[in-house]
Amino acid sequence: MKYYVYLQRRSADTFHNSAEFAVVQLNLHQTFNAISARFGLGDTPDILRDYLRNSEATISGSYPLLVLFPGLFIPNDLDVYLPYDVESAGWLFRHWIEDECGYTCVEVYDSDDGPYPFHNPYIFMVTKHEKRIGDNILSINLLCTTVNKLQIHSVLSYFPSTVAMNAICSEGFVSMYPALTVSQRGLELYPGRHEWISKYVGRGFDIREDLDAWLLFPHVCPYDGSCLRRIRRVGDHLTMFVPFIGSDSDESYPWSPWHIPNSSGLCDILFGKFSVKYSDVG
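FYI, full-length UniProt numbering numbers position 154 of the sequence shown as 154, with every residue one higher than the one before it.
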């Protein structure tokens with residue numbers, strides 16, 4: 001059985017004025033506020049947003065999924081990706097959570113320790129920070145990358161599944177494969193990550209290894225042969241971006257390879273903007 005995705009689009013202006021867009025934008029604010037409160041990151045969510053902006057950091061992993069599926073699960077850790085310029089930008093976030101938010105670094109991984117578990121060549125160091133809040137010990141994982149802000153979302157393309165290729169940045173929320181993700185489906189990139197994949201399967205996602213469907217996306221990877229052509233480019237029309245309320249909608253979303261200039265329309269597909277159909281072609 002092979003699965004293919006068909007998109008039925010409508011104009012971005014129609015979507016911006018739709019009830020679906022307003023719901024997702026509200027979910028974004030509620031999710032972000034919950035992250036700030038649960039992890040004790042600033043007295044107000046605006047403080048966390050400022051530190052994301054000033055340190056050029058991006059929240060990814062499980063939490064951004066709650067923008068599309070509020071209340072589906074409650075993660076106990078937060079993954080924050082930092083750019084290469086750690087001295088002036090990335091370390092700003094680490095110093096903030098340690099010096100002002102009360103987190104303690106409990107584990108450090110760097111490239112000398114061997115291959116990163118997610119086979120991600122863009123990550124050279126991971127630090128795990130913990131803090132007891134009430135009866136819970138919460139963790140923040142800082143993943144230091146080898147790329148700058150303009151390319152940091154390239155890192156996310158090495159996740160084991162498209163299900164987790166979502167992020168929250170200071171500008172808003174981005175989903176790299178919304179047609180699959182919103183329908184609670186995903187493609188598996190790296191066989192053997194069964195423990196990681198099973199976590200999302202347990203949350204109700206149908207994740208399959210289907211490279212025939214994956215071939216619908218053009219290949220992009222700095223290691224042309226070694227990735228087995230599993231790293232695919234996401235075009236502007238396949239990526240969804242939802243800004244925070246009050247953000248300057250005229251600003252371009254700058255990160256490649258998922259560059260979404262304002263002229264092409266932000267938030268290009270979601271819910272009523274596309275229909276997902278799966279065809280059994282043998």
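Glycine included, each C-beta is placed from N, C-alpha and C at the ideal position.
On a predicted model such as this, the values are computed, not experimentally measured, just so you know.
- In the DSSP annotation of this structure, residue 107 is not part of any alpha helix (DSSP H); the continuous beta strand (DSSP E) holding it starts and ends at 104-110.
- Annotation: the continuous beta strand (DSSP E) that includes residue 127 extends over 123-133.
- Out of 200, 84 and 124, the CA that lies nearest to the CA of residue 165 is found in 200.
- Residue 51 has its alpha-carbon roughly 27 angstroms from the corresponding atom of residue 162.
- A distance below 6 angstroms between beta-carbons, with the five flanking residues on each side excluded, links residue 137 to the following residues of its chain, in chain order: 130.
- Between residue 84 and residue 146, the CB-CB gap stays under 8 angstroms.
- For residue 70, same chain residues with a beta-carbon under 8 angstroms away, outside a window of 5 residues either side, are 27, 30 and 31 in chain order.
- Residue pairing of residue 240 in beta bridges, as defined by DSSP: 175.
- DSSP places residue 66 inside the alpha helix (DSSP H), whose first and last residues are 65-68.
- Rounded to whole angstroms, the separation of the alpha carbons of residue 25 and residue 188 is 28 angstroms.
- Distance from the CA of residue 93 to the CA of residue 46, rounded to the nearest whole angstrom, comes to 14 angstroms.
- Straight through space, the alpha carbons of residue 202 and residue 133 are spaced by roughly 26 angstroms.
- Taking the C-beta atoms as reference points, residue 174 is found nearer than 8 angstroms to residue 240.
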